[in-house]
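Worksheet for the structure shown next.
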Amino acid sequence: MNDGDVEHSGNETTATAEGTTRREFLKVLGVAGAGAAAAACGPPDTGDKLIPYLIPPDDIVPGTSVSYATLLTGAGPEPLAIHAQVRDGRVIKLEGNPSRPTGGALSALAHSSLQDLYDPDRVPGPRQRTANGLVDATWEDGIAAAGAAVAGGSTVLLTPPAVGSAARFYQEWAAAVGATWMPWEPLGLEALRTAHGIAFGIDAIPTYEINSSDHIVCFGADFLGTWLAPVEMGARFAAARMPGHGVQARFSFVGPRLSLSGLKADEWIPARAGTEVLVALALAREIASRKADGRAARVESVLDPFTLDSVAEAAGIEAEKLRRLADQVATAKAPIALPPGIAAQGPVATDMHLAVILLNYVCGAIGSTVKFDGETVRPRHVPFAAIADLGRRMSAGEIQTLIVAGVNPAYATPASLGFAEALSKVPNVISLSPHADETTSAAGWILPSHHELESWGDGLLSRDYMALAQPVMQPVFDTRQREDILLQIATAAGAADSFQAADYSGYLQGVWRELHDRLPAGAPGFDDWWYQALADGGVSLAVPPVTDVAPPLTAAAANYSFRATAAPADFSLITYPTVQFYDGRGANRPWMQEFPDAVTKAVWNAWVELHPETAGPLGVETGDLVQVRTEAGSVTAPAYVYRGIRPDTLAVPLGQGHAAYGRTAAGRGFNALDLLDGTPDQRSGALAYAGAAATLTATGQRGKLVIMQGSDVDLGREIAELINIDDVPDAMEHEIDLTTLVEAAYDSDPRSPYRWGMAIDLNACTGCGACVTACYSENNLPVVGEDLCDQGREMSWLQIMRYYEDTEEGFQAVHFPTLCQQCGDAPCEPVCPVYAAYHTPEGLNGQVYNRCVGTRYCANNCPYKVRRFNWFTYERPYPLNLQLNPDVTVRSKGVMEKCTFCVQRINRAKLDAKDEGRLVADGEIQTACMQSCPTQAITFGNLKDPASRVSRMAKGARGYRMLDELNTRPAVTYLKSVTHAAMPESEHGHGGDSEHGD
Amino acid sequence: MTPSRRLIAAAVIVAVCLPLALIVFVSGAPDATGQQAAATGEQQLPVRLDPIKPRTPTGMTADEAIAAHENATEGPEQPIPFNHRFHTQELRMQCEYCHGGSDRSPIAVMPALDLCMGCHRIVGANLEPIQRLRGYYDSGEPVPWERVYKLPEFVQFPHRAHLRSQVECEECHGKVEEMDRVYKFSSLKMGWCLDCHWQPGEDTDVATDRLLTEQFPPPETPDERQPIGLYPRRLNEHYGANRGPIDCSACHY
């Protein structure tokens with residue numbers, strides 16, 4: 000044998016002074032290796048510390064989460080009562096308060112509030128802007144400077160709309176220091192309020208009870224996504240659309256672009272932008288002429304000019320379509336018309352709202368489905384026109400001090416308004432915002448305030464329920480409660496004498512003491528009552544019931560002269576808020592950037608939507624760069640070719656294009672507001688988000704738009720199923736046999752009483768994405784960034800595929816939540832060489848992270864492509880890592896993962912049940928996605944229990960399984976979506992590519 | 000290599016590898032048979048997780064206890080020389096007095112400093128370690144104990160399930176009442192866990208669930224519900240022991 004190193008002959012080796020034979024080398028290596036292994040085998044010191052509490056909090060069992068009830072007001076258009084799950088002093092998950100009507104449901108943006116709290120780009124403490132840039136400062140210096148500035152007079156305080164005690168506080172503060180308080184919301188309800196004021200003479204927002212309706216006509220409000228109350232409306236919508244006994248509410252959408260809400264409509268009336276007001280009036284006229292009752296007579300003259308044919312022509316739609324819609328609404332028992340939202344808010348927004356009010360009026364909806372019952376309470380705020388005026392006064396040097404807290408006018412107003420430049424004309428700009436956004440970048444002093452989850456507060460959720468907000472953890476950074484900072488500033492300005500309390504929590508308690516004083520005798524003492532309110536999340540108020548939910552129409556409305564806008568010559572531009580960014584506040588949250596947009600499925604960017612007939616002649620495909628130019632400005636962005644928009648319309652999303660705000664948001668996409676010239680609706684002062692005239696040019700260059708869905712149609716594979724209401728067979732006659740799922744040999748241990756399964760009702764799913772974000776939050780899912788998303792390496796365990804299904808009326812979308820099907824005969828299990836993917840006795844497809852060696856054969860074999868591989872170890876910069884759930888392993892590079900049906904929740908429930916000597920009850924385990932869904936589209940439970948909700952749904956007539964023919968026996972049953980539209984002739988009811996053969 | 004060198008090398012290899020082999024194969028669990036010898040006699044008593052064991056004081060003084068901790072050979076030295084033998088044998092304290100909550104929590108509960116100060120506000124004030132302890136408390140800094148038992152991060156281990164199933168503390172942690180310094184008594188390897196969990200024949204977690212429906216139907220009224228913790232004990236009687244799951248996903252998720 001030859002050793003490499005030394006010359007030798009035969010079998011003798013000669014060791015030289017400096018060389019070593021290979022044999023010796025290997026032996027030494029072996030001994031050293033064994034020695035090292037021996038050293039490692041003994042019980043080593045772990046090198047870790049155990050840090051106990053100093054003084055333990057009462058009633059907290061370490062290792063379990065404590066639920067704190069609090070209130071979220073800044074997570075979208077509706078206030079949400081939540082339970083914050085706190086573990087070891089850190090909030091790790093948000094869930095809806097189960098005692099509220101919406102239960103555990105939340106929106107995607109609400110879940111992402113956690114990433115707002117733990118945003119690494121939050122301002123960590125007081126800062127001062129000097130010639131050398133931003134320097135650390137002390138609270139004392141900052142408050143003293145602010146106090147001196149405020150004492151100088153001519154101060155404006157800009158906040159988000161305030162609810163409850165905060166509203167009272169700001170008013171008192173402004174009066175005490177002689178300032179003006181301007182609460183403002185960019186996506187506000189000015190036009191709605193003004194129109195209802197004109198129509199009924201009251202300042203109130205009605206409750207739109209679409210669940211009681213049998214025909215919903217929506218004039219543009221994205222009520223399932225971003226308008227008024229998406230979580231509540233989701234639940235109402237699901238109730239309305241439940242196809243019981245062949246009855247299901249009809250849903251028609253009027254507008255130039257199908258939003259998230261519009262994609263669920265049975266019929267789309269593609270009215271030109273700005274003409275929705277005419278369509279509403281024409282419908283009202285038609286219905287009034289048929290009903291010919293007192294209400295019709297009252298508004299006959301104001302409706303008279305708006306004939307169906309003339310309006311159809313102005314709106315660019317077929318008169319026959321409009322006539323048919325009028326027929327349907329006229330014969331509906333309880334129709335309801337929903338007003339326009341932001342995307343339709345143009346220069347005549349108030350008129351549009353008023354037209355819809357008149358339509359509801361003649362239909363008899365006021366008082367039946369549109370009720371002024373005080374259940375929908377929203378805080379008041381100044382209109383956009385007031386902010387525009389403020390900008391002008393600032394530019395003119397009339398404002399000495401501007402205190403900005405929690406709003407971002409330098410970003411959220413059109414650039415043509417020049418608010419950013421106006422800021423430089425104000426001598427003292429003090430920002431109380433926790434984020435280093437565009438407005439804060441111009442501030443001389445930054446005194447960052449707490450996040451909502453670290454703050455005290457309260458607010459009316461409805462006229463009879465006052466919710467309470469409490470801090471759920473110690474502040475993450477060196478911040479203070481916003482109202483406390485203001486109180487300290489007032490003290491520094493010498494104006495705090497009128498305040499009774501030393502700090503805001505004392506002030507809040509004072510307000511609640513007043514509330515308590517008004518309770519009837521026999522009520523518990525204040526302390527007990529207060530602690531109970533904190534535990535529950537609020538108190539019910541004893542208020543007399545509203546007797547008159549249908550106020551009379553005013554003469555002003557009956558004699559209103561409606562204005563119409565002329566159609567622009569070229570394109571009409573629409574700007575719309577998205578569920579993930581809203582007005583832009585969600586842009587620095589990684590979960591929201593990685594959330595595929597509900598309509599386009601694009602991530603990490605902004606785009607321009609155009610119709611195929613527009614794109615074709617220009618030679619533009621999705622991803623090509625196009626330039627959109629309006630009078631106010633121009634923007635170059637990737638195009639998205641979309642069937643759901645009129646050919647003469649362009650649509651761009653709001654919320655991107657931040658210049659500052661943080662590492663996730665900065666430089667992404669473009670700010671749609673750069674294209675608006677700041678025209679307000681004259682009557683309400685609301686900003687015209689829609690209707691600007693635009694031109695479109697193809698640049699000929701290719702941009703980058705990452706779309707997370709490969710195909711918009713299911714190519715005849717019967718994945719997303721849409722059936723006509725008349726085809727929903729009677730459930731009793733067509734029950735699906737579940738025995739193949741629960742009794743087949745490998746599906747679960749026959750001796751186990753459990754086989755976990757899920758039922759997803761596609762009819763209820765709106766594609767809002769609350770489930771997706773809840774899953775990210777619960778299961779420590781990493782965010783991978785734009786480039787890796789482009790490579791298909793996203794980590795979402797649950798994805799919502801949006802498939803278009805053609806109908807006789809046009810097309811509709813079926814939102815298809817795709818997750819691990821926990822197959823009974825899973826193709827991924829036999830191919831794992833190390834038994835990391837295996838079948839549990841209860842029917843789950845288990846994944847053992849520490850066994851996985853990263854072959855990726857399981858993902859290769861999965862027909863549903865729901866497995867996700869960790870190509871890298873993804874970083875979570877502090878403090879985002881504080882959000883991690885300790886109950887779920889954090890996976891590192893080289894490990895496969897997928898939906899586990901929240902096995903951590905299953906195991907916890909089984910432990911609890913075993914302690915009590917019983918089995919797990921139906922409904923006791925809620926997966927994170929199921930818990931968060933506003934429409935309750937997802938149901939989880941035990942398929943072996945015939946009485947469980949999931950069994951009943953899985954056996955139901957609409958049930959089917961994805962790619963059933965592969966015999967994987969998935970545990971997830973989907974329920975077909977139902978439409979009123981007639982389906983095309985083909986057998987399975989889906990059109991598109993399947994008609995051309997496979 | 001010369002024959003003598005070869006011999007030396009071989010001797011070195013054997014001398015190293017043989018003990019190594021012995022360590023690998025012999026270390027592992029103490030025999031965790033889980034036989035619940037004491038279980039049957041205690042049914043009538045209210046649920047106790049840690050039956051009172053006789054403690055035999057040996058007349059050890061506090062100074063001796065501190066010295067014994069500092070001079071102990073096994074286990075990491077703690078920042079405060081806490082001697083378990085002294086507290087349990089001499090002072091006859093129960094495990095759950097300090098580690099209470101372990102039966103309700105998925106994690107084992109380390110006592111808060113507040114608990115120590117319950118006595119040591121007064122007791123042992125002259126001793127230097129006690130003064131250091133009070134220093135920690137007064138300064139608001141928790142004592143950074145050296146961790147002895149740590150499972151990997153990909154294992155989820157519910158402490159409460161084991162206590163509720165009558166697993167004695169000493170089965171996994173050894174005779175802590177005889178330890179001057181806590182040392183790692185068991186290997187904490189998965190094989191060692193399975194020595195107890197894995198019985199040939201059936202997945203006992205599944206069988207337990209089945210048993211719950213057949214043998215112990217849920218009580219009719221809340222009043223008939225037994226105190227929490229009794230059911231696992233009754234299952235223990237039926238089986239000899241409630242072995243717990245062997246399903247991977249019961250611990251790895």
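Line order of the protein sequences matches chains A and B.
Residues 0 to 997 in numbering that gives the first Met the number 0 are what the first sequence lists, from first letter to last.
Residues 0 to 252 in numbering that gives the first Met the number 0 are what the second sequence lists, from first letter to last.
Beta carbons: idealized from backbone N, C-alpha and C, even for Gly.
- With respect to the 7 Å criterion, Pro78 (chain B) and Pro128 (chain B) are not classified as neighbours on the basis of their beta carbons.
- Taken through DSSP and simplified to helix, strand or coil, Ala697 (chain A) comes out as strand.
- In this structure the segment 823-830 of chain A does not touch the segment 872-885 of chain A; the number of beta carbon pairs closer than 8 Å is below three.
- Residues of chain B whose Cβ lies closer than 8 Å to the Cβ of Lys48 (chain A) are, in chain order, Pro143, Trp144, Glu145 and Arg146.
- If you look at Lys92 (chain A), you'll find it in the beta strand (DSSP E) that goes Arg89 to Gly95.
- For Asp477 (chain A), the closest alpha carbon among the candidates A:Phe871, A:Leu431, A:Leu460 and A:Gly456 is that of A:Leu431.
- Nearest to Gln821 (chain A) by C-alpha distance, out of A:Glu804, A:Arg754 and A:His814, is A:Arg754.
- Under the Cβ criterion (8 Å, minimum of three pairs), the segment 174-188 of chain A counts as touching the segment 494-502 of chain A.
- Under a criterion of Cβ atoms nearer than 8 Å, the residues of chain B adjacent to Val902 (chain A) are, in order, Ser248 and Tyr252.
- Per DSSP, reduced to three states, the secondary structure at Pro229 (chain A) is helical.
- Contact annotation: Tyr581 (chain A) and Gly955 (chain A) have beta-carbon atoms that are not nearer than 7 Å.
- With a cutoff of 7 Å on beta-carbon distance, Leu721 (chain A) and Glu804 (chain A) are scored as near each other.
- About 16 Å separates the CB atoms of Arg562 (chain A) and Asp303 (chain A); that is not less than 8 Å, and the two are not in contact.
- With 16 or more other CB atoms across the displayed protein chains lying within 10 angstroms of its CB, Pro840 (chain A) is buried.
- Along the segment 393-456 of chain A, the alpha helix (DSSP H) occurs as fully enclosed runs of 4 or more residues at 408-411 and 418-422, listed in sequence order.
- Ranked by Cα distance from Arg133 (chain B), the first of B:Arg146, B:Ala111 and B:Gly100 is B:Ala111.
- DSSP links Gln811 (chain A) through a beta bridge to A:Glu804.
- With respect to the C-alpha of Glu89 (chain B), the residue from B:Trp197, B:Glu177 and B:Cys195 having the closest C-alpha is B:Glu177.
- At least one CB of chain A lies nearer than 7 Å to the CB of Gly100 (chain B).
- Secondary structure at Val276 (chain A): helix, using DSSP grouped into helix, strand and coil.
- A Cβ-Cβ contact shorter than 7 Å links Phe570 (chain A) with Ala693 (chain A).
- For Leu533 (chain A), the enclosing alpha helix (DSSP H) covers residues Phe525 to Asp535.
- Shortest Cα-Cα distance from Glu317 (chain A) to any of A:Trp267, A:Ala491, A:Ala689 and A:Pro51 involves A:Trp267.
- Ser633 (chain A) carries a strand assignment under DSSP once its states are collapsed to helix, strand and coil.
- With contacts defined as CB atoms closer than 7 Å, Tyr117 (chain A) and Asp436 (chain A) fail to qualify as a contacting pair.
- In chain order, Gln155 make up the part of chain B whose C-beta sits under 7 Å from the C-beta of Asp886 (chain A).
- Ala14 (chain B) has a beta carbon lying at 7 Å or more from every beta carbon in chain A.
- Rounded to the nearest whole angstrom, the CA to CA distance from His83 (chain B) to Val181 (chain B) is 8 Å.
- Contact residues of the segment 107-127 of chain B toward chain A are Val108, Met109, Pro110, Ala111, Leu112 and Asp113 (C-beta to C-beta distance below 7 Å).
- For Lys174 (chain B), no CB of chain A lies under 7 Å from its own CB, so it is not counted at the interface with that chain.
- Sequence-distant partners of Ala568 (chain A) (beyond 5 residues in either direction) whose C-beta falls short of 7 Å from its own C-beta, in its chain, are Ala692.
- In the three-state scheme derived from DSSP, where H, G and I count as helix and E and B as strand, Val15 (chain B) is classed as helix.
- DSSP places Pro616 (chain A) in the helix class (H, G or I) of the three-state scheme.
- Taking Met116 (chain B) as the centre and dropping the five residues before and after it, the same chain places the C-beta of Tyr136 closer than 6 Å to its C-beta, in chain order.
- Of the other Cβ atoms in all chains shown, fewer than 16 fall within 10 Å of the Cβ of Gln790 (chain A); this residue is therefore exposed.
- The three-state secondary structure of Thr772 (chain A), taken from DSSP, is helix.
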